[in-house]
Amino acid sequence: MMKRALLLLAAAVTATTVLAQSSSATITMQVPNAPAAKATRPIMLVIHGGAGTILKANMTDEQEKQYRDGLTQALRAGHAILARGGTSLDAVEATIRVLEDNPLFNAGKGAVFTHEGRNELDASIMEGKTRKAGSVAGVTIIRNPISAARAVMEKSPHVMMVGRGAELFATKMGLEIVDPSYFWTERRWKSLQQELTTPQASLEPAGDKKFGTVGAVALDRDGNLAAGTSTGGMTNKQFGRVGDAPIIGAGTFAENESCAVSATGHGEFFIRWTVASDIAALVKYRGLSVQQAADEVINRKLKDVGGEGGVIALDAKGNFATPFNSEGMYRGWIGADGVAQVRIYKD
Ligand code: ASP
Numbered sequence: 007m008m009k010r011a012l013l014l015l016a017a018a019v020t021a022t023t024v025l026a027q028s029s030s031a032t033i034t035m036q037v038p039n040a041p042a043a044k045a046t047r048p049i050m051l052v053i054h055g056g057a058g059t060i061l062k063a064n065m066t067d068e069q070e071k072q073y074r075d076g077l078t079q080a081l082r083a084g085h086a087i088l089a090r091g092g093t094s095l096d097a098v099e100a101t102i103r104v105l106e107d108n109p110l111f112n113a114g115k116g117a118v119f120t121h122e123g124r125n126e127l128d129a130s131i132m133e134g135k136t137r138k139a140g141s142v143a144g145v146t147i148i149r150n151p152i153s154a155a156r157a158v159m160e161k162s163p164h165v166m167m168v169g170r171g172a173e174l175f176a177t178k179m180g181l182e183i184v185d186p187s188y189f190w191t192e193r194r195w196k197s198l199q200q201e202l203t204t205p206q207a208s209l210e211p212a213g214d215k216k217f218g219t220v221g222a223v224a225l226d227r228d229g230n231l232a233a234g235t236s237t238g239g240m241t242n243k244q245f246g247r248v249g250d251a252p253i254i255g256a257g258t259f260a261e262n263e264s265c266a267v268s269a270t271g272h273g274e275f276f277i278r279w280t281v282a283s284d285i286a287a288l289v290k291y292r293g294l295s296v297q298q299a300a301d302e303v304i305n306r307k308l309k310d311v312g313g314e315g316g317v318i319a320l321d322a323k324g325n326f327a328t329p330f331n332s333e334g335m336y337r338g339w340i341g342a343d344g345v346a347q348v349r350i351y352k353d
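Letter by letter, the sequence shown follows residues 7 to 353 in the working numbering.
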């Protein structure tokens, strides 16, 4: 504490001296320049809307436009918060809520169906400065599971809550509760029917209908990272199956000293290869860049064993990477310039 106070004092004295030398104007007006300095620090938001067999040949122009618009809308929601000095945690939650409300993505409205024809949702969120985290799994009536994950983090002594307990907690916290039928969409229902009639209906990756999880990583003006992920899981999953998205260190991780990560793909692999924390560890202990670390895990370790998917990873300087070993991954980013960038295929 003492050391920090001395450092702050030294910084203030330095600023005063510089200003005194460079200007004959009164010093008192110019010394406390912290808000201006903060305004010039980098902000960054990176998102994904799922990885899988996403090929241009399978997509109409109209469909592509809808995905691009959906991703852009989410980027704008998060960017507005970061640009006005809001926290990365707020930006991640707001961004993911937009994607959860969009039926195109496999999270919230638009979640895929279990084998029994239900929607069971998973989500998690983590703050890089404090390593606080929260997650929910197997919830069926919470409109925005990412907000429930945040409530677990901030308003309970726990990190992870599942099923009915998580739902009761979210209800008590005043989150929006919906009838399970809210999550029904014709497109996902058809996907399940296809899966059920395929001779080897299994959890093997078979394209866009399987994946589509959403995630966001953000850096705010205070230099703090946050990460969040939300999903309906995988089409035709068994009742009670939980994927990587709500598991801290697998589908989501954030730590200011290394990076923030959100994953999408075949969850069973992402859990066993502890993907998000492995990437952070490579940054932290081996000094790799986020690009090198994320590539190493996605395009080497996971690829070698057939674990399909990708991640978004962001460090506290604003460097980011979006590697995937599938055909495509819905993704986008937006920085201080406010220009939303969206990509879908390998381009
Ligand atoms: N990772 C998610 C899961 O296994 C699926 C996805 O990314 O689309 O539940």
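Glycine included, every Cβ here is placed at the ideal spot set by N, Cα and C. Here the structure is a predicted model, which is why all the values come from computation and not from measurement.
Out of the options, which one is the CA nearest neighbour of residue i?
i	options	result
T136	E126, E160, N242, L320	E160
L61	G338, E333, N262	E333
I285	E126, A269, R193	A269
I102	A83, T66, V142	A83
K309	R47, F275, V165	F275
G257	S141, Y73, R337	S141
K178	N230, D185, S162	S162
A3	A113, G341, G315	Past the edges of the chain, shown from 7 to 353, lies residue 3, and the structure says nothing about it.
R292	I53, N305, V311, E263	E263
V184	G76, R47, A43, G114	G114
R278	L231, N325, E314	E314
Q79	V345, V303, I304, T328	V345
A170	A63, I318, E126	A small correction: the amino acid at residue 170 is Arg; Ala does not occupy that position in the sequence shown. For the residues A63, I318, E126, the minimum Cα distance to R170 belongs to E126.
V52	N112, Q347, T237, E70	Q347
A172	S187, T146, Y188	T146
G218	E68, G76, D96	G76
Q200	Q244, H121, V267, M167	H121
G312	A299, I318, L225, F330	F330
F354	A57, A100, D67, T66	Any question about residue 354 goes unanswered here, given that the chain covers just 7 to 353.
A72	P109, A89, P186	Inspection of the sequence shows that residue 72 is occupied by Gln rather than by Ala. Of the listed residues, the one whose Cα sits closest to Q72 is P109.
G239	G134, E68, S130, R90	S130
V281	G316, K352, S187	G316
V220	G246, G123, P252	P252
T237	Y351, G273, R74, A327	G273
A354	A287, S283, A260, K44	Only positions 7 to 353 of the chain appear in the structure, and residue 354 is not among them; the question remains open.
Looking only at its own chain, which residues have a Cβ that is under 6 Å from the Cβ of residue i, when we skip the five neighbours before and after it?
i	result
D321	C265, V296
R47	R227
P38	Caution applies to P38, whose pLDDT of 48 falls short of 50 and renders its modelled position unreliable; the model cannot decide the point.
P205	With a pLDDT of 47 at P205, under the threshold of 50, the modelled position of that residue is not reliable, and the figure given next carries that caveat. Excluding sequence neighbours, P205 sits near nothing in its chain.
D96	I87
A222	I53, V98, T101, I102, G234
Note down, in chain order, each residue of its chain lying with its Cβ closer than 8 Å to the Cβ of residue i, except the 5 sequence neighbours on either side.
i	result
L181	I148, R149, N150, S153, A154, A157
V165	A139, G140, S141, V158, M159, I254
G229	R47, N262, A322
T241	V118, F119, R194, S197, L198, E201, K215, K216
Just grab the DSSP bridge partners of residue i for me.
i	result
F275	BP columns for F275 are empty, so no partner.
H54	G221, R337
I318	S268
V369	Here the chain covers residues 7 to 353 and nothing more, so residue 369 does not appear.
A43	Answer is none; A43 lacks a bridge partner.
A327	A319
Excluding the 5 residues preceding and the 5 following residue i in the sequence, name in chain order all residues of the same chain whose CB lies nearer than 7 Å to its CB.
i	result
V248	D128, A143, G144
W195	F119
V104	Q79, A80, A83
T32	Legend: pLDDT at T32 = 35, less than 50; position of this residue unreliable, no value from coordinates given.
L225	P48, I49, M50, S94, L231, L320, A322, G324
A100	A83, G84, I87
F189	K115, A117, N125
M167	V142, V158, F175
Check: Can you list, in chain order, the stretches of the beta strand (DSSP E) that have 3 or more residues and sit fully within the region 110-191?
Finding: Here the runs fully enclosed are 127-133, 139-145, 166-168.
Checklist line | Within the region 218-295, ranges of the beta strand (DSSP E) (whole runs, at least 3 residues) | finding: Within the region 218-295, complete beta strand (DSSP E) segments of at least 3 residues are found at 220-225, 231-237, 258-260, 266-271, given in chain order.
Next item on the list: Enumerate, from N- to C-terminal direction, the unbroken alpha helix (DSSP H) stretches of 4 or more residues contained entirely within the region 72-115.
Entry: You should have 94-107.
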